[in-house]
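Enquirer:
2 protein chains.
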Amino acid sequence: MERVKVEIITIGDEILIGQIVDTNSAWMATHLNQEGFELAQITSVHDKKEHIIESLNLALTRADIVLFTGGIGPTNDDITKQTLTEYFNTKLVFEPSVIENIDKLFENRPGFVRNELTQAQAMVPESCILIQNLVGTAPVTWFEKEGKVIVSMPGVPYEMKYVMTTEIIPRLKEHFKTPVLLYKTVQVYGFGESALAIKIADWENALPDFISLAYLPNYGVVKLRLSGLMENMLELEFLMIQQIEKLKHILGSTIIAYEDISIEKLIGDMLKAKGLVVGTAESCTGGFLAHQLTSIPGSSEYFKGSVIAYSNDIKIGLLNVSIDDLEQHGAVSQQVVEQMAKGVRRLLKTDVAIATSGIAGPTGGTDEKPVGTVWISVCSAENCISKEFRFGALREQNIIRSSQAALLLLKEII
Amino acid sequence: MERVKVEIITIGDEILIGQIVDTNSAWMATHLNQEGFELAQITSVHDKKEHIIESLNLALTRADIVLFTGGIGPTNDDITKQTLTEYFNTKLVFEPSVIENIDKLFENRPGFVRNELTQAQAMVPESCILIQNLVGTAPVTWFEKEGKVIVSMPGVPYEMKYVMTTEIIPRLKEHFKTPVLLYKTVQVYGFGESALAIKIADWENALPDFISLAYLPNYGVVKLRLSGLMENMLELEFLMIQQIEKLKHILGSTIIAYEDISIEKLIGDMLKAKGLVVGTAESCTGGFLAHQLTSIPGSSEYFKGSVIAYSNDIKIGLLNVSIDDLEQHGAVSQQVVEQMAKGVRRLLKTDVAIATSGIAGPTGGTDEKPVGTVWISVCSAENCISKEFRFGALREQNIIRSSQAALLLLKEII
C-alpha cells in the first residue's frame, strides 16, 4: 500500500554551520506521520538559489509534497521567495492582506513598528495560493505543479507549528487521500538493545509482513516501535494488539509503558491516579528533574516544589543533612542522598520525594568516585530506595540520565 | 577560495518519523565548520538500501567527504554496513580486534555480556580502513574512492562525538588541506530582526566581499554572525575586528556579547568575575532556570541553589510571601514575585536572586492575565528590578523565554 510521500527541505546556513539544531523537521515528521503521510527524505540546504532548485527537483522525483521551511525572513540573506518565484515562472505582486495581517499582529506587540523590510513581506508570487501567517510577518506560499504540492513556510518554530497545524496539514489531507497507518510503542526497561533483540528474536521473526519493528534506545529505556499498514483500521489495530499481547508474555514487568509517552508524563499520570504529591531535592541534576516534571501541563496537581541544593550549606541548613555524614561519606553518598530525600519530603510536606547527588563533571571526580557517579534516593512515608549509578564523562548526559533514572526509581516506590 | 566540502547523511527511520531530533548533524556541522570544512548538505534517509545508495551518489557529486551516521547497530533494522559493502564491491570479513574492543568495553559494564549480535559487529567490509570505536560496539568504517572519503560511524550521540573528535576529524584534516575561515558573533538585545537590519543597513551594505552576515534571532536576542574567508589568518582577523568596531559605534550597549556563547554562560562569567553568588525562586519556570545556570561546568562557583515554589504553600512557608498579597494580587504579580526574590535571597544567603511567576499554560489564563503572562524579579542587597512579560500560548516556549528573560534581567543588576 502506497502512502503519500513528503519531503522536507530546510533552508538556511544556520543549520549547516551547526548554529541551530533542526527541531522543526522532527516535529513536522511526527505530525505528518500521524496523519498517514510518509517522509521520504529530510534535506538541509544553504540559502543558495541553485542548491534550493536542485534539491526541489530531486525531491519532486521522490515525493508528492515538498515542504520548505525557512529563508523567508525580512533580511537580505533570505532568498527562498525570490527563488520559488523564478522557479514557477511568475512574478512578485503586492498583496495588501499581508500588510493588514502585519498591522494586526503588531497591535499586540508594543514597540514593534512596520518598516520597509516587514512591508516587503507583502510582495508575493502571483501564481501561488497565499496562506496568511497569523503569528508572523512572512506569509505561507502554496504552489501546485503536475498534481504535486510545494509549500514554503517560515522557519521560526512556533510560526511553523502554527501554520502546519491550522492550515497546511488540513489542506494536504483534503488534497491527497491517505491509507491507514498505525504505530504502537512498547517501552522496555532493564535491557541493552542487543540483549532485548535476542530475548524477543522468535517473536520478531514471526511478525507478519504488514508490521515492522524498530528499536529506539533512550537513556536506559528501549522503545520498541511497531508500525502497521493496512486498508482496514480496526483489523490492523486488532492484529497489532495481538502481537503486543504475545510480547507481554515474554517481557513481563520489564515493560514500563504501552504508549510512546515520556517517562515524566508516565510518572505524572501515575502520581495523579494515586493522588500522590512529589517534591525533589537536587544537587547534580540542578533543577533538570523539576523541569522534566513541570514540563507536563497540569503538573501542579502532583508536583509541589523542590530545593536545588547545589551548595552543602543548603543541604545542611534547609534539608537537615548531617554535617558528620557529609564529612565522613561526602555529598555523593547513600547517607547524604537519603537525608536529602527525607529532608525535602518533610520540608515541602509531600507524599514522596526524590533526591539526586552526583558528580556531573567535567571535573570533580576521584578514583573512588569518578565523574558520572550519582546517588539517587526516593522516599515515601514508609521507606526509601537508594541506588548508585555510574554514568559517563559528559556533563549534559549525566544530568539527563540522572534525571531519567530518578524518575524510573520513583516508579518503583509509587 | 574553495573549501573542502562535506555532506552528512543520517540513516534511520526514527528521524523521518519524528521520534528523535537530529542533534548529531548540528554538532558535526559546528565542529567541521570550525576546522574549515564547508557543509554542502545534510540529508536524512530511511534504512533502505536504494535510498542510501542514491543519496551517497548525489552527495559525491557535490562533496569531497560523505559522513554517514547511524544504521550500524546490532539489530535487524540496521543495514548501512551491508549496503556499503555492496556499494564498494567488497565482502564482510571477521576482524578479531573488534571483539577485543567489545570485551574491553564490557569489562566496565556489569551485566553486559557479549552475545551473537554484538559478535556480528566484528564482521567488517574487507576494503575499508577500520577505526576502532572505543566507546561502543560498532566500529567506524572509512572508505576512499577517487580521492573522496566516505565514512560510516555510529549514530548514538556520545559515540559519534567521541569518534569524530578523536579519530575522524584529525584524519580528515590530515587527508585534505583547508583554508582559513573565521566566524565572529555579536549578540544584540532589544531589537526585532528587521528593526536591527534597518539600523545597521549602511554598515551591512559596506561589508567587504570576503565577509558575509547572517541574522539568527533567538528568544529576544539576535545573533549577528559574520563569516570571513581568506588566505591570511591574521589579516582576516584584523579586518573582521575592524568591522565589529564600526558596529559597536552604531549599536552601543545593545550589544550584550562579542562571542557565540549562551546567555547562561555569559551571566555565569559575569557572576564569577564579580564574585557574586546567585539563587533562584521559580514558579512558572519550574527548575528550568536553575537547570540553565547549572548546565555550565563550574557553575557551583556562583550558583548556590533554588527553591522551586510551584505551590503557594511553599511560596508562603519557605519564601515568606505574604498571604494577603497572594490573595489580593494573585501569584502572578509584582508584589509576589518581588517577595519571592527577596525571600530566596535571604533563605539561601546569596548576593543576588531571581524569581519567576507566570502562567505557562496551556490552561490557567484569565482575561486580565492570559497564558504567557510572566512576572520576573531580580534582587540584590540594594534594590530589585521587576518586569512583566507577555509571551505566547505555548507552555514550552513560555518556560524557555521566561528563563532567558530572567537571565537578561539579572544582567542589568550585576
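Sequence order for the protein chains is A and B. Numbered by our numbering, the letters in the first sequence go through residues 1 to 414 in order. Numbered by our numbering, the letters in the second sequence go through residues 415 to 828 in order. Every residue gets a Cβ at the ideal spot worked out from N, C-alpha and C, and that includes glycine.
#1: At least one CB of chain B closer than 8 Å to the CB of N383 of chain A: is that the case?
#2: Spell out whether any CB of chain A is found under 8 Å from the CB atom of P568 of chain B.
#3: Any beta carbon of chain B sitting closer than 8 Å to that of P297 of chain A?
#4: Helix, strand or coil for K342 of chain A per DSSP?
#5: Taking the alpha-carbon of S227 of chain A as reference, which of A:K104, A:S357 and A:G36 has the nearest alpha-carbon?
#6: Can you pull out the residues from the segment 718-733 of chain B whose beta carbon lies closer than 8 Å to at least one beta carbon of chain A?
#7: Residue range of the alpha helix (DSSP H) that K495 of chain B falls in?
#8: CB I431 of chain B to CB L409 of chain A, shorter than 8 Å?
#9: Below 9 Å on C-beta distance, what does V435 of chain B contact in chain A?
#10: Measuring alpha carbon to alpha carbon, tell me which residue in A:L216, A:P157 and A:H175 is nearest G147 of chain A.
#11: Could you please give the first and the last residue of the uninterrupted beta strand (DSSP E) stretch that includes N320 of chain A?
#12: Restricting to Cα atoms, I'd like to know which of B:I658, B:V594 and B:K587 is closest to A620 of chain B.
#13: Under a Cβ-count criterion, where at least 16 other Cβ atoms within 10 Å of its own Cβ denotes burial, should L579 of chain B be classed as buried or exposed?
#14: Anyone know if the C-beta pair for P139 of chain A and T85 of chain A falls short of 8 Å?
#15: Measure from the alpha carbon of L630 of chain B to the alpha carbon of each residue in B:E607, B:I681 and B:P568, then state which is nearest.
#16: I need the boundaries of the alpha helix (DSSP H) containing R528 of chain B, first residue and last residue.
#17: Quick one: complete alpha helix (DSSP H) runs, 4+ long, within the segment 178-204 of chain A?
#18: Helix, strand or coil, according to DSSP, for T764 of chain B in the structure here?
#19: Could you confirm whether any beta carbon from chain A is found closer than 8 Å to the beta carbon of Q455 of chain B?
#20: Does DSSP put G279 of chain A in a helix, a strand or coil?
#21: Assign Q455 of chain B to one of two classes, buried (16 or more other C-beta atoms within 10 Å of its C-beta) or exposed (fewer than that).
#22: I423 of chain B and L117 of chain A - do their beta-carbons sit closer together than 8 Å?
#23: Run through the DSSP bridge pairs and tell me what K148 of chain A is partnered with.
#24: Is DSSP giving S386 of chain A helix, strand or coil here?
#25: Just the C-alpha distance for D427 of chain B and G220 of chain A, rounded to the nearest angstrom, thanks.
#26: Could you work out which residues of chain B lie near Y158 of chain A, taking near to mean beta carbons separated by less than 8 Å?
#27: In the DSSP assignment, the alpha helix (DSSP H) including I241 of chain A goes from what residue to what residue?
#28: By the 10 Å Cβ neighbour count, where 16 or more other Cβ atoms means buried, how is N515 of chain B classified, buried or exposed?
#29: Based on the DSSP secondary-structure assignment, which residues constitute the bridge partners of K637 of chain B?
#30: Determine the chain B residues that contact V45 of chain A at a beta-carbon separation under 7 Å, and present them in chain order.
#31: Return the chain-ordered list of same chain residues with a C-beta closer than 8 Å to the C-beta of E509 of chain B, the five sequence neighbours on each side being excluded.
#32: In three-state DSSP terms, what is T580 of chain B?
#33: Of all Cβ atoms in chain B, is any one closer than 8 Å to the Cβ of S300 of chain A?
#34: Sort A:L181, A:Q19 and A:E282 by Cα distance to S311 of chain A and report the nearest one.
#35: Report, in whole angstroms, the separation of the C-beta atoms of I361 of chain B and G305 of chain A, which I expect to be a contact under 8 Å.
#36: What number of angstroms, rounded off, separates the C-alpha of G654 of chain B from the C-alpha of L224 of chain A?
Expert: On the basis of the coordinates in this document:
#1: Counting from one through the first sequence, the residue named residue 383 of chain A turns up at place 383. So no, N383 of chain A is outside the interface.
#2: Taking the first residue of the second sequence as 1, we reach residue 568 of chain B at position 154. Closer than 8 Å: no.
#3: Counted from its first residue, the first sequence places residue 297 of chain A at position 297. Yes - at least one Cβ of chain B is within 8 Å of the one on P297 of chain A.
#4: Looking up residue 342 of chain A in the first sequence gives position 342. Three-state result, K342 of chain A: helix.
#5: Here residue 227 of chain A is taken as the residue at index 227 of the first sequence, counted from 1. Among A:K104, A:S357 and A:G36, the Cα nearest to that of S227 of chain A belongs to A:G36.
#6: K718, G719, S720, V721, I722, A723, Y724, S725, D727, I728 and L732
#7: Numbered from its first residue, the second sequence carries residue 495 of chain B at position 81. T494 to Y501 is the extent of the alpha helix (DSSP H) around K495 of chain B.
#8: The residue labelled residue 431 of chain B in the question sits at position 17 within the second sequence. The residue labelled residue 409 of chain A in the question sits at position 409 within the first sequence. Contact flag unset, no.
#9: Position 21 of the second sequence, counted from the first residue, corresponds to residue 435 of chain B. What V435 of chain B touches in chain A: V21, D22, T23, S25, A26 and W27.
#10: Your numbering for residue 147 of chain A matches position 147 in the first sequence. The option with the nearest alpha carbon to G147 of chain A is A:H175.
#11: Stepping through the first sequence from its first residue, residue 320 of chain A is reached at position 320. First-last for N320 of chain A: undefined, no H or E at that position.
#12: Numbered from 1 along the second sequence, position 206 holds the residue referred to as residue 620 of chain B. Of the candidates B:I658, B:V594 and B:K587, the one whose C-alpha sits nearest the C-alpha of A620 of chain B is B:I658.
#13: Along the second sequence, one-based indexing puts residue 579 of chain B at 165. Reading off the sequence shown, one finds Thr at residue 579 of chain B, where the question assumed Leu. By the 10 Å Cβ count, T579 of chain B comes out exposed.
#14: One-based indexing of the first sequence puts residue 139 of chain A at position 139. One-based indexing of the first sequence puts residue 85 of chain A at position 85. No, the Cβ-Cβ distance between P139 of chain A and T85 of chain A is not below 8 Å.
#15: Here residue 630 of chain B refers to the residue found at position 216 when the second sequence is read from its first residue. With distances taken between Cα atoms, L630 of chain B lies closest to B:E607.
#16: Locating residue 528 of chain B in the second sequence gives position 114, counting from the first residue. It is not in any alpha helix (DSSP H) - R528 of chain B carries neither H nor E in the DSSP assignment.
#17: List check, alpha helix (DSSP H) in window: 193-199.
#18: Taking the second sequence and counting its residues from 1, one reaches residue 764 of chain B at position 350. Three-state DSSP puts T764 of chain B in coil, outside helix and strand.
#19: Position 41 of the second sequence, counting from 1, holds the residue named residue 455 of chain B. Closer than 8 Å to some Cβ of chain A, the Cβ of Q455 of chain B qualifies, so yes.
#20: Within the first sequence, the letter at position 279 stands for residue 279 of chain A. The answer is strand: DSSP assigns G279 of chain A an E or B state.
#21: Within the second sequence, numbered from 1, the residue matching residue 455 of chain B stands at position 41. Buried is the call here.
#22: For this step, residue 117 of chain A is matched to residue 117 along the first sequence. For this step, residue 423 of chain B is matched to residue 9 along the second sequence. Against a cut-off of 8 Å, the Cβ pair of I423 of chain B and L117 of chain A comes out as no contact.
#23: As a working mapping, residue 148 of chain A is identified with position 148 in the first sequence. Per DSSP, A:K145.
#24: For the purposes of this step, residue 386 of chain A is taken as the residue at position 386 of the first sequence. Looking at S386 of chain A - three-state DSSP - the assignment turns out to be strand.
#25: Numbered from 1 along the second sequence, position 13 holds the residue referred to as residue 427 of chain B. Numbered from 1 along the first sequence, position 220 holds the residue referred to as residue 220 of chain A. Using only the alpha carbons, I get a separation of about 20 Å.
#26: Stepping through the first sequence from its first residue, residue 158 of chain A is reached at position 158. Per Cβ cutoff of 8 Å: G806, L808 and Q811.
#27: Position 241 of the first sequence, counting from 1, holds the residue named residue 241 of chain A. From DSSP, the alpha helix (DSSP H) with I241 of chain A extends over M233 to L251.
#28: Here residue 515 of chain B refers to the residue found at position 101 when the second sequence is read from its first residue. When all chains shown are included, N515 of chain B counts as buried.
#29: Locating residue 637 of chain B in the second sequence gives position 223, counting from the first residue. Paired residues: B:Q601 and B:L630.
#30: Locating residue 45 of chain A in the first sequence gives position 45, counting from the first residue. Going along chain B in sequence order, the residues near V45 of chain A (Cβ under 7 Å) are Q455.
#31: For this step, residue 509 of chain B is matched to residue 95 along the second sequence. So the list reads A536, M537, V538, L544 and P553, once near-sequence residues are dropped.
#32: Position 166 of the second sequence, counting from 1, holds the residue named residue 580 of chain B. T580 of chain B falls in the helix class under three-state DSSP.
#33: Stepping through the first sequence from its first residue, residue 300 of chain A is reached at position 300. Taking Cβ atoms only, chain B reaches closer than 8 Å to S300 of chain A, which makes this a yes.
#34: Your numbering for residue 311 of chain A matches position 311 in the first sequence. S311 of chain A has its Cα closest to that of A:E282, out of A:L181, A:Q19 and A:E282.
#35: Limits of chain B in this structure are 415 at one end and 828 at the other, which puts residue 361 of chain B out of reach.
#36: Locating residue 654 of chain B in the second sequence gives position 240, where the first residue counts as 1. Locating residue 224 of chain A in the first sequence gives position 224, where the first residue counts as 1. Reading off the sequence shown, one finds Met at residue 654 of chain B, where the question assumed Gly. Their Cα atoms are separated by approximately 51 Å.
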